[in-house]
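Working notes for the structure below.
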Amino acid sequence: MARVTVEDCVLKVQNRFELVMMAATRAKGLQNGSTITIDRDNDKDTVVALREIADGTIDVDNLKSSLVTNLQKIKMATVEEKESEEIKAIEIAMDDMMSIADDEDALSDAGFNEASEDNFDEEE
Numbered sequence: 002m003a004r005v006t007v008e009d010c011v012l013k014v015q016n017r018f019e020l021v022m023m024a025a026t027r028a029k030g031l032q033n034g035s036t037i038t039i040d041r042d043n044d045k046d047t048v049v050a051l052r053e054i055a056d057g058t059i060d061v062d063n064l065k066s067s068l069v070t071n072l073q074k075i076k077m078a079t080v081e082e083k084e085s086e087e088i089k090a091i092e093i094a095m096d097d098m099m100s101i102a103d104d105e106d107a108l109s110d111a112g113f114n115e116a117s118e119d120n121f122d123e124e125e
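First residue of the sequence shown? That's 2 in our numbering, and the numbers climb one at a time after it.
Laid out in structure tokens, this is it:
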């Protein structure tokens, strides 16, 4: 039955890859409690989603819009997560640089200067 359903769906959504993404989005919606627009007939959510697309009982344009919105949210979350990680790395690097600068200031204040040839000559 699913084979015939896919062939029927291709008449509504020509791109099979787009069809798969749209059917998956609809199936997730069904799993999360969206109202079914056809008789379930003991089918799984993925088959129900394909049958709804084939029968035209759901608006394919709205489904596509929902899919695009969900993908944009995922992309934004990924970008924000990556930016957050980069900011943390920069903050850690800045803290490290500040502690090195503080250590150099402390050594300088304690009278430990950089080694020079004059210092070595005095010890001999």
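Don't be surprised by glycine CBs; every beta carbon is placed ideally from N, CA and C.
Nothing here was measured: the structure is a model prediction, and the numbers come from that model.
Check                                                                                                                           : Outcome
Beta-carbon spacing of Arg-41, Thr-6 below 8 angstroms                                                                          : no
Beta-carbon gap between Cys-10 and Ala-55 smaller than 8 angstroms                                                              : yes
Neighbourhood of Ala-28 by C-beta distance below 6 angstroms, restricted to the same chain and skipping five residues each side : Asp-46, Thr-47 and Ala-50
Environment of Val-69 [buried if 16+ CB atoms lie within 10 Å]                                                                  : exposed
Reduced DSSP category for Gln-15 - H, G, I as helix; E, B as strand; rest coil                                                  : coil
C-beta atoms of Met-23 and Leu-64 nearer than 8 angstroms                                                                       : yes
Coil, strand or helix - Ile-39 by DSSP                                                                                          : coil
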